[in-house]
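**Student:** Taken in order, the sequence shown gives residues 363 to 574; the numbers are from our numbering.
We put the beta carbon where it would ideally sit given N, CA and C, even for glycine.
Bear in mind that the values here come from a model prediction, so they are computed numbers and not experimental data.
First the structure, which I've put down as structure tokens, then a few questions once you've had a look.
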Amino acid sequence: MDPRLQQAAKSGSIDELYALIDENPYILENIDAVPFINTPLHVAAASGNIEFAMEMLNLKPSLARKLNTSGYSPLHLAVETGHTDFVSWMLKHDHSLACLNGRNGMIPFHLLVVRGNVDLVAECLLVSPECIRDVSVNGRNALHLAVVNDRYEVLQVLTGWIKRTMQRNAFKNEFCFLNKEDFSYNTALHLAAQKNDLQACFIFSSAFFFHT
Numbered sequence: 363m364d365p366r367l368q369q370a371a372k373s374g375s376i377d378e379l380y381a382l383i384d385e386n387p388y389i390l391e392n393i394d395a396v397p398f399i400n401t402p403l404h405v406a407a408a409s410g411n412i413e414f415a416m417e418m419l420n421l422k423p424s425l426a427r428k429l430n431t432s433g434y435s436p437l438h439l440a441v442e443t444g445h446t447d448f449v450s451w452m453l454k455h456d457h458s459l460a461c462l463n464g465r466n467g468m469i470p471f472h473l474l475v476v477r478g479n480v481d482l483v484a485e486c487l488l489v490s491p492e493c494i495r496d497v498s499v500n501g502r503n504a505l506h507l508a509v510v511n512d513r514y515e516v517l518q519v520l521t522g523w524i525k526r527t528m529q530r531n532a533f534k535n536e537f538c539f540l541n542k543e544d545f546s547y548n549t550a551l552h553l554a555a556q557k558n559d560l561q562a563c564f565i566f567s568s569a570f571f572f573h574t
């Protein structure tokens, strides 16, 4: 990427963006032609520049799904760098971005679970509930990740959502989420038991065994 374009994205300068486009009308086309590349949208996401990102997506919407050479989309980077407003805006722009596969099969929703961002986890479940079905390359879903990373508040949100939807899709939810095994044949509850994680076990039991 042209260093001037990178700096424009980092600073959020839309005027500089168009000056570069005027100099080379194919500048964004050339970036989009590369399968894996750090794009101006990645830089804007890592910097939290929403207005610049809006302009980029108006010009080249496909960049929202482009992975960089480290295997991360712009939304992955926004989650990793903690720009919550940017993440929320991206989810509103395109709900399906929550389920975009990145490095190790991790989707942005998984990263939100790992980071323990309760509000954005709940937002993802509202706008893109199918993301709870996705698993990483080792077969772990959001429940596994919440247990492994001791994200108890997130685990409460996830189990609460599953419990509320079980009446409509009881078998599907039990098989796909609650009893989903990773590649080591462990469910999330198995992992909690192996860790002797009483708090996680209590959350599972309160949600699925002791309710009336």
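Give the DSSP-derived three-state secondary structure of residue 545 in the structure shown.
**Tutor:** DSSP places residue 545 in coil when its eight states are reduced to three.
**Student:** Take residue 506 as the anchor and find which of 462, 554, 487, 484 has the nearest alpha-carbon.
**Tutor:** When only C-alpha atoms are compared, the closest one is 554.
**Student:** How about residue 494 and residue 487: do their beta carbons lie closer than 8 Å?
**Tutor:** Contact: yes.
**Student:** Report buried or exposed for residue 503, applying the criterion of at least 16 other Cβ atoms within 10 angstroms of its Cβ.
**Tutor:** Flag for residue 503 reads buried.
**Student:** Rounded to the nearest angstrom, how far is the Cβ of residue 465 from that of residue 444, given a contact under 8 Å?
**Tutor:** About 18 Å separates the two Cβ atoms, so there is no contact after all.
**Student:** Run the CB neighbour count on residue 569, radius 10 Å, all protein chains shown included, and call it buried at 16 or more, exposed below.
**Tutor:** Buried.
**Student:** In three-state terms, what does DSSP make of residue 462?
**Tutor:** DSSP places residue 462 in coil when its eight states are reduced to three.
**Student:** With residue 398 as the anchor, note down where its alpha helix (DSSP H) starts and where it stops.
**Tutor:** No alpha helix (DSSP H) contains residue 398, which DSSP labels as neither H nor E.
**Student:** Assuming residue 565 and residue 517 are in contact, meaning their beta carbons sit under 8 Å apart, how far apart are those beta carbons, in whole angstroms?
**Tutor:** 5 Å between Cβ atoms; contact.
**Student:** Along the alpha helix (DSSP H) that carries residue 454, what are the first and last residues, could you check?
**Tutor:** 446–455 is the extent of the alpha helix (DSSP H) around residue 454.
**Student:** Let me check understanding here. Comparing Cα to Cα, which of 417, 412, 463, 560 lies closest to residue 451?
**Tutor:** Comparing Cα positions, the closest option is 412.
**Student:** Using 8 Å as the threshold, is the C-beta distance between residue 447 and residue 426 below it?
**Tutor:** Against a cut-off of 8 Å, the Cβ pair of residue 426 and residue 447 comes out as no contact.
**Student:** On the premise that residue 402 lies in contact with residue 363, defined as a C-beta separation below 8 Å, what is that separation, rounded to the nearest angstrom?
**Tutor:** That pair is a contact at about 7 Å.
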